[in-house]
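Going by full-length UniProt numbering, the sequence shown opens with residue 1, and the numbers climb by one from there.
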Amino acid sequence: MTSRRESGKNDTDKDGTAGRRTGGRESKAERLARMHAEYDILREVYPEAYCALHFHNPFELLVATVLSAQTTDKRVNSVTPELFERYPDPAAMGGANPLDIEDIIHSVGFYHAKAEHLVGLSRMLVDDFQGTVPKTMEELTQLPGVGRKTANVVLGNAFRIPGFPVDTHVTRVTGRLRWRTDWRSTHPDPVKIEHEICDCFPPEDWTDLSHRLIFHGRQTCHARKPDCLNCPLSATCPSAGILD
Numbered sequence: 001m002t003s004r005r006e007s008g009k010n011d012t013d014k015d016g017t018a019g020r021r022t023g024g025r026e027s028k029a030e031r032l033a034r035m036h037a038e039y040d041i042l043r044e045v046y047p048e049a050y051c052a053l054h055f056h057n058p059f060e061l062l063v064a065t066v067l068s069a070q071t072t073d074k075r076v077n078s079v080t081p082e083l084f085e086r087y088p089d090p091a092a093m094g095g096a097n098p099l100d101i102e103d104i105i106h107s108v109g110f111y112h113a114k115a116e117h118l119v120g121l122s123r124m125l126v127d128d129f130q131g132t133v134p135k136t137m138e139e140l141t142q143l144p145g146v147g148r149k150t151a152n153v154v155l156g157n158a159f160r161i162p163g164f165p166v167d168t169h170v171t172r173v174t175g176r177l178r179w180r181t182d183w184r185s186t187h188p189d190p191v192k193i194e195h196e197i198c199d200c201f202p203p204e205d206w207t208d209l210s211h212r213l214i215f216h217g218r219q220t221c222h223a224r225k226p227d228c229l230n231c232p233l234s235a236t237c238p239s240a241g242i243l244d
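If you want it as structure tokens, here you go:
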């Protein structure tokens, strides 16, 4: 297979924006059309993209997502069975000694802070939300250790409420695809990314789109050595062949 670098199809204009096959800069309308076409391809390539964290209820997903910061879902899934067996609900976890939780989750990294967050958010769920996980961004982000990414994961996967979680994979892939205007930034704002991408897709697609971008980032568009040669988006990706 011939790479885009070899074929010369990845020419860029003077401001670094990849030209389309017809040459020249890409208009906003062209970019939007490309985004939707690339999303259609991702849906075909990753038909079973899903949340990789194991959970049975909103509380378990909330806890697992808090634990997933700066570690892998596989690592989280290795510790949550014991954690949920000992502390199956907010009342039980809120009454736990953080040191006991640390003993269970120490392999996930940042376990001290995470244990404190889990006890704190569990107590808040009991005290302020009758022991249930709230269903709004505003309420979820009041909980210790819960930011917009975690809240969006819970909203989209536990409650089927539209949410677009932005993690490192989403940030990387949307930047390389030039889906966002700040693709050159070395420190992009996740909230800005969320809002900009959500403006381009209907709410019912947000969670699914995030899953597929994450799968693509894990399986093909790797951080250090993206597999551009075998990427299903290489024909239209502005970065194809530049990074490999």
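Note that beta-carbon positions come from the ideal geometry of N, C-alpha and C, so glycine has one too. Being a predicted model, the structure only gives us computed values, none of them experimental.
Minimum Cα-Cα distance from Phe164 among the listed residues Glu196, Gln142, His117 corresponds to Glu196.
By the criterion of at least three beta-carbon pairs nearer than 8 Å, the stretch 224-239 is in contact with the stretch 166-177. For Arg34, the enclosing alpha helix (DSSP H) stretches over residues 28-45.
Out of Thr71, Thr65, Ala64, Ile104, the CA that lies nearest to the CA of Glu82 is found in Ile104.
Straight across, the Cα-Cα distance linking Phe215 with His222 is about 10 Å.
Here Ser68 is actually not in contact with Val79; their C-beta atoms are around 11 Å apart, not less than 8 Å.
If you look at Ala64, you'll find it in the alpha helix (DSSP H) that goes 58-67.
Burial state of Thr168 is exposed, judged by a 10 Å Cβ sphere holding fewer than 16 other Cβ atoms. At a Cβ-Cβ threshold of 7 Å, Ile101 and Pro232 do not count as neighbours. Straight-line spacing of the CA atoms in Gly217 and His211 works out to 10 Å. Following the DSSP letters along the chain, one finds Thr171 inside the alpha helix (DSSP H) bounded by residues 168-176. In this structure, Arg180 places its C-beta atom within 7 Å of the C-beta atom of Ile193.
With fewer than 16 other beta carbons inside 10 angstroms of its own, Phe110 counts as exposed. Contact between Val133 and Pro58 holds, since their C-beta atoms are separated by about 4 Å, short of 8 Å. Residues Ala115 of the same chain have their beta carbon placed closer than 8 Å to that of Leu99, with the five preceding and five following residues left out of the count.
Membership of Asp128 in the alpha helix (DSSP H) is indicated by the continuous run 111-129. The straight-line gap separating the alpha-carbon atoms of His36 and Cys198 is approximately 12 Å. Around the beta carbon of Lys149, a 10 Å sphere encloses 16 or more other beta carbons of the protein chains shown; the residue is thus reported as buried.
For the set Ala29, His112, Leu155, Thr171, the Cα lying nearest the Cα of Met137 is the one of Leu155. His222 carries a coil assignment under DSSP once its states are collapsed to helix, strand and coil.
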